[in-house]
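See below for the structure under consideration.
Numbering (mature numbering (1 follows the signal peptide of the UniProt record, and there is no 0)), first residue to last: -20 to -1, 1 to 440.
Here it is, written out as structure tokens:
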């Protein structure tokens, strides 16, 4: 069952990436590889205390990645169902010993975090079937970044039947288990400040794992040095984010008659949410924005891209699909013979989770950690007004301050990058000339944004 061709198919990004300041690497044919083996599961070595052996085994050695140091493999997070989360870790190219560590989570549900790596904020992106380009404004310039395919069944992560997750409590628990193993694998990073970041459906994942850390840290033997979280164009509170009729009308994509149609569908979904008919509400939203080959939104507007209202069509991902499917690439990142999951099973199991709110978690987090909520100005599916609408209804300590907080200009190298509003531990940003995938559309500004946030530096 295909639930959400996604908030999702970050695959829609691919060659939307700026050509400026990218170093082209000479393409090369696939390396000769032996028959694919088993995926590299590091948990037994970590449990046995064989940390150096685990680190050595997980180091990625592949000429195609051009001397960018990285580590990859699997953490077992559920023994009963042999559930394993795939990670790919890139140490900071700046001050590795001191720079913050960031966990990046993709949305979907069911979209691989390799999409964020290759198409948004990682050190390289796909130039063709055979080669990559170096991204000069990658987040690893100032942070160590972990990419995890989450939840199990997503991308290269895998599980037996019965191990698929159905709610954010389970998601948070498994990501927390993976992080405990990660910080055992890299004990030198335990003292570094830690942040969780993600976009779209990760608006649920990011609070889920952050809240698990908040609750587990006081009694945990290994404490994670959690400092904050960042969510981009996130799905957090569907009931208060379904305001698309007004938004689409105001930007001129629909007329007043079409607005009435959109409003009817969104109100139907909201009514179902209020009576806790989660999966039925999800079905309504699917018809509105995600049904293939044609949803209501596409029929009305002629748009097939819900991530940027200046882009009518989605972009081809042919090169990316082929590249991550190459045997030599799969061997290099230690996934062995694992099949890359398309996310459909993951989506099916999270159908009821889709329309539930994580605002209780986010409220608790805002009272304890710094939180960045950023929005691309041009997004359709989760636009800035929908984020603002649910934020103003949160009951955190500085809620009243947020409602009247002034908005300031944020400039990068004397160029207006966006606007910022702050209240207590909350920072809200709207990024100019960016859609759903902010680091793709505005890589320089996105790097400046995340670096200022993690360093707690002012935006104005």
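Where is the CB? At the ideal position from N, CA and C, for every residue including glycine.
Please read these numbers as outputs of a predicted model, since none were measured by experiment.
C-beta contact flag for residue i and residue j at 8 Å
i	j	result
residue 312	residue 42	yes
residue 351	residue 405	yes
residue 415	residue 229	no
residue 434	residue 173	yes
residue 185	residue 151	yes
residue 215	residue 246	no
residue 157	residue 420	no
residue 103	residue 40	no
residue 323	residue 411	no
residue 276	residue 267	yes
residue 209	residue 175	yes
residue 62	residue 54	no
residue 440	residue 400	yes
residue 365	residue 227	yes
residue 390	residue 409	yes
For residue j and residue i, the rounded distance between their alpha carbons
i	j	result
residue 169	residue 45	23 Å
residue 248	residue 212	26 Å
residue 111	residue 309	11 Å
residue 370	residue 83	24 Å
residue 171	residue 290	43 Å
residue 348	residue 236	43 Å
residue 315	residue 198	35 Å
residue 368	residue 217	11 Å
residue 253	residue 397	36 Å
residue 353	residue 178	10 Å
residue 262	residue 321	22 Å
residue 300	residue 50	19 Å
residue 205	residue 359	33 Å
residue 274	residue 129	28 Å
residue 429	residue 21	35 Å
residue 424	residue 115	10 Å
residue 113	residue 294	21 Å
residue 363	residue 30	47 Å
residue 164	residue 239	53 Å
residue 105	residue 380	42 Å
residue 292	residue 282	8 Å
residue 328	residue 259	10 Å
residue 66	residue 207	24 Å
residue 78	residue 432	15 Å
residue 36	residue 159	19 Å
residue 232	residue 34	55 Å
residue 107	residue 195	43 Å
residue 298	residue 265	28 Å
residue 426	residue 76	20 Å
residue 438	residue 220	29 Å
Buried/exposed call for residue i, threshold 16 Cβ in 10 Å
i	result
residue 319	exposed
residue 141	exposed
residue 244	exposed
residue 57	buried
residue 394	exposed
residue 384	exposed
residue 188	buried
residue 418	buried
residue 117	buried
residue 139	buried
residue 255	exposed
residue 436	exposed
residue 154	buried
residue 304	buried
residue 97	buried
residue 422	buried
residue 403	buried
residue 38	buried
residue 317	exposed
residue 183	buried
residue 225	buried
Strand pairing of residue i, partner residues [DSSP]
i	result
residue 227	According to DSSP, which records beta bridges pairwise, residue 227 is partnered with nothing at all.
residue 65	55
residue 339	None, per the DSSP bridge assignment.
residue 254	Beta-bridge pairing links residue 254 to no other residue.
residue 322	134
residue 31	For residue 31, which the question treats as bridged, DSSP gives no partner whatsoever.
residue 160	None, per the DSSP bridge assignment.
residue 39	51
residue 398	390, 411
Distance cut-off 7 Å: residue i Cβ against heavy atoms of the ligand NAD
i	result
residue 149	Of ligands this structure carries none, so the ligand NAD is not represented either.
Touch test, the segment 364 to 380 against the segment 335 to 353, Cβ-Cβ under 8 Å, three pairs minimum: The count of Cβ pairs closer than 8 Å, one atom from the segment 364 to 380 and one from the segment 335 to 353, reaches three, so the stretches are in contact.
The segment 128 to 135 in contact with the segment 76 to 93 per 3-pair CB rule at 8 Å: With the cut-off at 8 Å, the segment 128 to 135 and the segment 76 to 93 touch.
The segment 61 to 80 / the segment 117 to 127 touching (three or more Cβ pairs under 8 Å): The segment 61 to 80 makes contact with the segment 117 to 127, as at least three CB pairs between them are under 8 Å.
Sufficient close CB pairs (3 or more, under 8 Å) joining the segment 331 to 342 to the segment 142 to 158: Contact holds: three or more Cβ-Cβ distances are below 8 Å.
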